[in-house]
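Colleague: In the order they appear, the protein sequences are chains Y, X, R and W. Counted from 1, the first sequence has number 22 at position 20 by the numbering used here; the numbering is strictly sequential. Counted from 1, the second sequence has number 49 at position 47 by the numbering used here; the numbering is strictly sequential. Counted from 1, the third sequence has number 288 at position 286 by the numbering used here; the numbering is strictly sequential. Counted from 1, the fourth sequence has number 221 at position 219 by the numbering used here; the numbering is strictly sequential. The beta-carbon is built from N, C-alpha and C at its ideal position, and this holds for glycine as well. Since we're looking at a predicted model, the values are computed, not measured.
4 protein chains.
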Amino acid sequence: MDGKIPRDAQDDHTAAMAQRRRDFVQQHTGVTLDHVGRCSIDPATLPGNIENFIGAAQVPIGLAGPLRIDGEHARGDFYVPLATTEGTLVASYNRGMRLLTECGGVKTTVVEHRMQRSPVFMFDDALAAREFGHWVDAHLAEIARVAEATTRIGKLTSIYQYAVGPLRHLRFNYTTGDAAGQNMTGKATLAACEWIAEQYPGGAKYLLSGNMDTDKKHSQVNTLVTRGKRVVAEAVIRQEALKRLMGVDTAEMFAMRQVSNTGAMLAGSANNGSHAANGLAALFIATGQDAANVAESHAGVVYSQLLAGGDYYWSITLTSLIVGTVGGGTGLATQRECLEMLGCHGNGRADKFAEICAGVVLAGETSLSGAVLHGDWVSSHDRYGRNRP
Amino acid sequence: MDGKIPRDAQDDHTAAMAQRRRDFVQQHTGVTLDHVGRCSIDPATLPGNIENFIGAAQVPIGLAGPLRIDGEHARGDFYVPLATTEGTLVASYNRGMRLLTECGGVKTTVVEHRMQRSPVFMFDDALAAREFGHWVDAHLAEIARVAEATTRIGKLTSIYQYAVGPLRHLRFNYTTGDAAGQNMTGKATLAACEWIAEQYPGGAKYLLSGNMDTDKKHSQVNTLVTRGKRVVAEAVIRQEALKRLMGVDTAEMFAMRQVSNTGAMLAGSANNGSHAANGLAALFIATGQDAANVAESHAGVVYSQLLAGGDYYWSITLTSLIVGTVGGGTGLATQRECLEMLGCHGNGRADKFAEICAGVVLAGETSLSGAVLHGDWVSSHDRYGRNRP
Amino acid sequence: MDGKIPRDAQDDHTAAMAQRRRDFVQQHTGVTLDHVGRCSIDPATLPGNIENFIGAAQVPIGLAGPLRIDGEHARGDFYVPLATTEGTLVASYNRGMRLLTECGGVKTTVVEHRMQRSPVFMFDDALAAREFGHWVDAHLAEIARVAEATTRIGKLTSIYQYAVGPLRHLRFNYTTGDAAGQNMTGKATLAACEWIAEQYPGGAKYLLSGNMDTDKKHSQVNTLVTRGKRVVAEAVIRQEALKRLMGVDTAEMFAMRQVSNTGAMLAGSANNGSHAANGLAALFIATGQDAANVAESHAGVVYSQLLAGGDYYWSITLTSLIVGTVGGGTGLATQRECLEMLGCHGNGRADKFAEICAGVVLAGETSLSGAVLHGDWVSSHDRYGRNRP
Amino acid sequence: MDGKIPRDAQDDHTAAMAQRRRDFVQQHTGVTLDHVGRCSIDPATLPGNIENFIGAAQVPIGLAGPLRIDGEHARGDFYVPLATTEGTLVASYNRGMRLLTECGGVKTTVVEHRMQRSPVFMFDDALAAREFGHWVDAHLAEIARVAEATTRIGKLTSIYQYAVGPLRHLRFNYTTGDAAGQNMTGKATLAACEWIAEQYPGGAKYLLSGNMDTDKKHSQVNTLVTRGKRVVAEAVIRQEALKRLMGVDTAEMFAMRQVSNTGAMLAGSANNGSHAANGLAALFIATGQDAANVAESHAGVVYSQLLAGGDYYWSITLTSLIVGTVGGGTGLATQRECLEMLGCHGNGRADKFAEICAGVVLAGETSLSGAVLHGDWVSSHDRYGRNRP
């Protein structure tokens, strides 16, 4: 087959094979992948990260900060690498970081950690499914033992059950240490399901996912009961600082919050805040997170109050933040450097990194809200985003 | 201020300034950004894409294909660059592309194109807001003229109105040519709002966004009335091919679809399919799209039917696909090469690129569904994703 | 067949047939329907309202008011009949009405009126469905003519289109005069669909409902683009009056609103207010509305602001209020009396009645919120709801 | 105050006071409440059900059945009283009951029972809220003891926690015996909250509802984790019977299900079925349930499969069915008779009644779906709903 992509069954992660595939692209499309090929990644480091490797996308990184964080795990002033091609983004987050830092910093807290795999078991009728559900509850300890035997790190903390007709959706919740954990939980849940299918009197038929995980998808169930980490960033914005740095009043900001809430409610929005996805996508790409998880991670709930003296309490809760500091792309060349800049590479750092993510998001919320309210949103994009058509 | 990031007010997009900031990072964090600095991007190309540039994230690209597409704009066999750090992803999409190609290819259609900015106008009471709404309807042509005066490309096609209390949320819908168009629509809508505020008898107070755009956020309103492009990919999966390539029956696949739908419905999911975000994020990073738009773009609706002879009609509708082939990151070095591989760089290519995105997504749907049904989902990740903790 | 319910094919709406069916119930279940049979309804008035008539449910009506309304259509002080079996409900709404009335009354506005039927047309592929959509847009005037030929009252105001795969969901929007209008729109849309199927080149296959109406169901699409009437009730609650009548401060009430919004957002709730369904169900039963429409009608959005002087602007927007003052149960004996009490029986009264509904709902919101905040919610139920188990 | 509704502080539930209030209405509105006054309810039975009693709404009841139910609690053939003013409703449900009965009956199962009250506790920051959450988990047994001390029947089975910012929403789940249980759980939760506020080190501020209950409102959280009873009705529709009774094929019905699912998904609908609210509202009014709970109760998930031989498995899961057979309106004159017809009055009958509700709903689903598919939906309303405008 002429059009088949070249692949070396023995050792495919080599510079030679990458070159051979770039040549193949050149033959089939006429395009020379000069820049794509000019990466500093050692292909030998890539098994487990990519197949049919041909080079790398180079995504520009801008530096923002310092952002003062007063968290449980992240404490101090951070400089944040943001990989993006969207002009204004770095400048805007930078401005928000300055506001937060001048107001004493952002407080951050990881309040939950639950990664899922959600198999569905299928029975003849609802009664059989219900009885199965009781059996699962009664055998939770054994199921956990079987699941956890597949992993050094993952712990099965609970199984949520959702009944529909003759089906029993199970949502296995795990802690996954410093890894994002989707594969870990997949493997553990498979082992658990196989054990259940074997042990359950009369047997049990299942699918490893019944679409309630909900992997790489926003969902209300994630918002409710967390996927990955649930992290809160909160700050008290001083009236004077907001006025000085962004030209707006806290009372106006709070009045605007009432309006934004109606927009979110009417729209059925995943987030009643402004643009969490911007900061998260940029941080995710810089630090080797799975950018597809922006789908889940951008969900959030803003809660704020105007304080008696005129200062403004502002919080955002990211309900489904999926991050890791080991595994995935975290060990690759540029990604590792970016994690290290934040003191977040390797074991014992995932909560710290999650807190930084939340702090960055809140910074972005303040800056964009300020721009919308003050009316300089478009003009700043004109200044920073000149190459737009 | 010692901790302030260095910045050259005259010309900040230079190799020297990037180096100076990397040195600054090294001083403040102790981390040397060797790999981050080793990019082939010319800093002089970056104004409009990044501020405080320090280098680039290198995201590995894998090659998948060929994918046969039978669209209006995309026609032929395509090799697809996917930038990701998630093992198995390229292999899985590749498998799905083979299935679709062997079944005669995937049919793709862009059915709508609407990019938004959604200001909110605020009045004393609901009656005043309603009257304003009528006025806007009556002045649509003039509003369009004012909005369109700010852009060579954008066209205002409609303004949707949503009333709540004394507020009138307006959702301006534009076509934006081959650009994603968020900035273009922001600027045009600002001009329109200023004109409205001036012309409306008695004046009108507004915010440029009332949170109904819903920019960088999934929302039901996007699913309903489109944000960006609404694109359908559809294919008839032959029973024999599915069995041979993935080891499963079309009837089982259809039965599983009934189950997956319940999971999506219970979860309140943005997509009743499997993992659109995976393919989209990888394509977006490779081709200079805004990865934050994965938040909106991953939403979708799967609709399928088992055909009389046993073949399986499978469609996915991406309701909010935000892509461009000009502007944003599309002109950067590696990104441009990847777009060119697909014949999608520059003017007149955005619909083609949107169709390719949808085709890729459907390929991924078939492969993951097949893996879940066949039971080799975890084992394939074990094979391809060895570096997991 | 012995178990078959007796029915007179000639004239089934008679006292004799009702008695015969009550006897039948007595024979089959042993239960004598004494009270059910003791109604004052003339069976001859019931064709079109009920089949297999056996008598009536007697639902107690309590009187609340006066409620001062300052609407477009409803103006003055109203006494409101509320049919319920839930203790405290009438007392609570009564308290809210007093608050609103003492604060100068509630302002009410009907901002939209759209009743739907939503057929779906099915094609071979997405392209064919898209072309069909354009054809529908181009033939809107003719479609309206055909649809409106079936009714003296209904007017087709627009057809919204929603594309998914090879399907085209059409949402026909009508004004329906003073009727709720579900049957009217069903009939008109059937005629339109038959005409379309005949006229469309190559023909077109359809179902009269593709489930996007969404009849007798809450949905986000109703919240967005209205089903029935979109009605706003708004009031400025004076600080002094709230304190005196409910013992709470407006500032506390506003702070509580921030909290309630998070609950609604997390829960994915149809209404970020308190209990619109209570007042609506009671009014609907009393006045011959279709109580099943509580499903749609209870949806709403609360928007409020604390005013500079400490007074509290409070609005609720009912997005899908389905009511009529002609047709349905509005002409029945007790129902008509209750509508007449409100000056709302017959033609030209539906907007007035809708405004009253919204005003009643806002009254209930203030009272329950006050009770939750003040802490007398449970004690009042203990006082008024003594018969609870 | 002249306009004040007359009320007897000593004994207000008398025929005389009802008459006096009807006279008051006559004076103020000119309307004589003849029919409203002609009810057979003894006012002395009404304390706990109504305040300011003036009479009763008479809602016509039609008889449907027999419906064969093969449940855990409901077994046998049932005749069902449906109180409605909507022509065709009884006839349509009746037709569906015949189909189900001829197919061997409907299988019904109550799979969960959880009634809620959801207070919210408010702290200074997210960390304090998280610590509080752990404390609640650790004191669950004591909290249950305190809550259950207020009720003979209610049992606290779990407390779900939802974190947002410095708030901790708690969703107390109870079983409530044969009562719907909203007041019972309100009272129990108030006691629990008072105890918590007292016991928690440093104290804790709360609101008895943070809007996550979500009382009298549809919500996704109800769909996920149940409010009231989660009940499944399922049946195997024989191909021959469907064809004979409704003129349609099972394969067409299944194909239509795929289409209806897309409508529900696009619309963001509370139910992917047809019109559960119709049957439920009619049953609720007839049997003294709280009709406002149609808001929650109408939510549901349809799951179906076409079986190998051509028969059609059809299930609907009502996720939030709120019913009782004691308390509320269940003891009133006509309501009690209707419950007795079903063998459902009093203790030990709530699960049976819930099963009947679900069975009735499924009957209605089959009939309406058949009518839409067969095309006689409108014509049947023309026949049965003649009094429409």
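Check whether the Cβ atoms of Y315(X) and V238(X) sit closer than 7 Å, and answer yes or no.
Modeller: Yes; because the gap between Cβ atoms is below 7 Å, this pair is in contact.
Colleague: Using DSSP with H/G/I as helix, E/B as strand and the rest coil, what is F125(W)?
Modeller: Of the three classes helix, strand and coil, the one that applies to F125(W) here is coil, per DSSP.
Colleague: Residue range of the beta strand (DSSP E) that Q118(W) falls in?
Modeller: First-last of the beta strand (DSSP E) with Q118(W): 108-119.
Colleague: Please give me, in chain order, every unbroken run of the beta strand (DSSP E) with length at least 3 that falls completely inside the region 45-78 of chain W.
Modeller: The qualifying runs are 55-73.
Colleague: Tell me which residue opens and which closes the beta strand (DSSP E) that Q222(W) is part of.
Modeller: Element bounds for Q222(W): not the beta strand (DSSP E) but the alpha helix (DSSP H), 222-227.
Colleague: Based on Cα-Cα distance, which residue from R173(W), L268(W), R147(W), A165(W) lies nearest to R116(W)?
Modeller: Ranking the options by Cα distance to R116(W), first place goes to R173(W).
Colleague: Under DSSP, the beta strand (DSSP E) around T321(X) begins and ends at which residues?
Modeller: Here the beta strand (DSSP E) through T321(X) covers 314-323.
Colleague: Look at the alpha carbon of E342(R) and the alpha carbon of N263(X), and state the distance between them as a whole number of angstroms.
Modeller: E342(R) and N263(X): Cα-Cα distance of roughly 47 Å.
Colleague: Going straight from the alpha carbon of Q241(R) to that of Y202(X), what length do you get?
Modeller: One C-alpha to the other measures close to 33 Å.
Colleague: Step through the CB atoms of chain Y and report whether any lies within less than 7 Å of the CB of M267(R).
Modeller: By this cut-off, M267(R) is an interface position.
Colleague: List in chain order: all unbroken alpha helix (DSSP H) runs of 4+ residues lying wholly within the region 183-210 of chain R.
Modeller: For the region 183-210 of chain R, whole alpha helix (DSSP H) runs of length 4 or above, ordered along the chain, are 184-201.
Colleague: Can you grab the Cα-Cα spacing for the pair R193(X) / V122(X), in whole Å?
Modeller: According to the sequence displayed, residue 193(X) carries Ala and not Arg. Straight-line Cα distance between these residues: approximately 14 Å.
Colleague: Evaluate the contact criterion for the region 342-356 of chain R versus the region 251-259 of chain R: three or more CB pairs, one atom per stretch, below 8 Å.
Modeller: No: the two stretches stay apart, fewer than three of their Cβ pairs being nearer than 8 Å.
Colleague: Quick check on the DSSP output: the alpha helix (DSSP H) that includes A365(Y) runs from which residue to which?
Modeller: Looking at the DSSP string, the run of the alpha helix (DSSP H) that includes A365(Y) is 352-376.
Colleague: Looking at the secondary structure, which residues open and close the beta strand (DSSP E) in which G265(R) lies?
Modeller: Per DSSP, G265(R) belongs to no beta strand (DSSP E); it is in the alpha helix (DSSP H), 252-269.
Colleague: Rounded C-beta distance between S306(X) and S317(X)? I'm assuming under 8 Å.
Modeller: That pair is a contact at about 7 Å.
Colleague: Return the residues of the region 12-33 of chain W that lie within a Cβ-Cβ distance of less than 7 Å from chain X, sorted by chain order.
Modeller: So nothing in the stretch comes that close.
Colleague: Does any CB atom of chain Y fall closer than 7 Å to the CB of Q241(R)?
Modeller: Not one chain Y Cβ lies under 7 Å of Q241(R).
Colleague: Thinking C-beta only, is A190(Y) closer than 7 Å to G156(Y)?
Modeller: It is a contact, given that the beta carbons lie within the stated cut-off.
Colleague: In the DSSP assignment, the alpha helix (DSSP H) including V38(X) goes from what residue to what residue?
Modeller: Residues 36-39.
Colleague: Between the region 85-97 of chain W and the region 79-90 of chain R, are three or more C-beta pairs nearer than 8 Å?
Modeller: No, they do not touch.
Colleague: Could you tell me which residues DSSP puts in a beta bridge with Y95(X)?
Modeller: In DSSP, Y95(X) forms no bridge with anything.
Colleague: From which residue to which residue does the beta strand (DSSP E) around I161(W) run?
Modeller: 157-166 is the extent of the beta strand (DSSP E) around I161(W).
Colleague: Between P8(R) and chain W, is the shortest Cβ-Cβ distance under 7 Å, so that the two count as touching?
Modeller: Answer no: the Cβ-Cβ gap between P8(R) and chain W never drops below 7 Å.
Colleague: Between T103(Y) and R70(Y), is the Cβ-Cβ spacing less than 7 Å?
Modeller: Yes.
Colleague: Within the 7 Å Cβ cut-off, does D4(X) reach chain Y?
Modeller: Not closer than 7 Å to any Cβ of chain Y, the Cβ of D4(X) fails to qualify, so no.
Colleague: For K2(X), does the three-state DSSP call read helix, strand or coil?
Modeller: The shown model of chain X, from 3 to 391, leaves out residue 2(X), and the question about it has no answer.
Colleague: Could you tell me the distance, in whole angstroms, from the CA atom of Q291(Y) to the CA atom of P45(X)?
Modeller: Approximately 25 Å between the Cα atoms of the pair.
Colleague: Less than 8 Å between the CB atoms is what I'm expecting for V171(X) and S120(X), so what's the real figure, rounded?
Modeller: According to the sequence as given, residue 171(X) is His; it is not Val. Sure, about 6 Å apart at Cβ, within 8 Å.
Colleague: Can you tell which of I324(X), A131(X), R22(X) has the C-alpha that lies nearest to the C-alpha of G167(X)?
Modeller: Comparing Cα-Cα distances from G167(X) to each of I324(X), A131(X), R22(X), the minimum goes to A131(X).
Colleague: Using beta-carbon positions only, say whether V113(X) and A235(X) come within less than 7 Å of one another.
Modeller: No; because the gap between Cβ atoms is not below 7 Å, this pair is not in contact.
Colleague: When you compare the CB positions of A360(R) and T159(R), do they come within less than 7 Å of one another, or not?
Modeller: No, the pair does not count as a contact, with Cβ atoms beyond the cut-off.
Colleague: In this structure, how does DSSP classify V138(Y) when only helix, strand and coil are distinguished?
Modeller: Correct three-state label for V138(Y): helix.
Colleague: Using three-state DSSP, classify S276(Y) as helix, strand or coil.
Modeller: S276(Y) falls in the coil class under three-state DSSP.
Colleague: Report buried or exposed for G350(X), applying the criterion of at least 16 other Cβ atoms within 10 angstroms of its Cβ.
Modeller: By the neighbour-count rule (16 or more Cβ atoms within 10 Å), G350(X) is not buried but exposed.
Colleague: Whose CA, out of L209(R), A266(R), R232(R), lies closest to the CA of K218(W)?
Modeller: That would be A266(R), whose Cα lies nearest to the Cα of K218(W).
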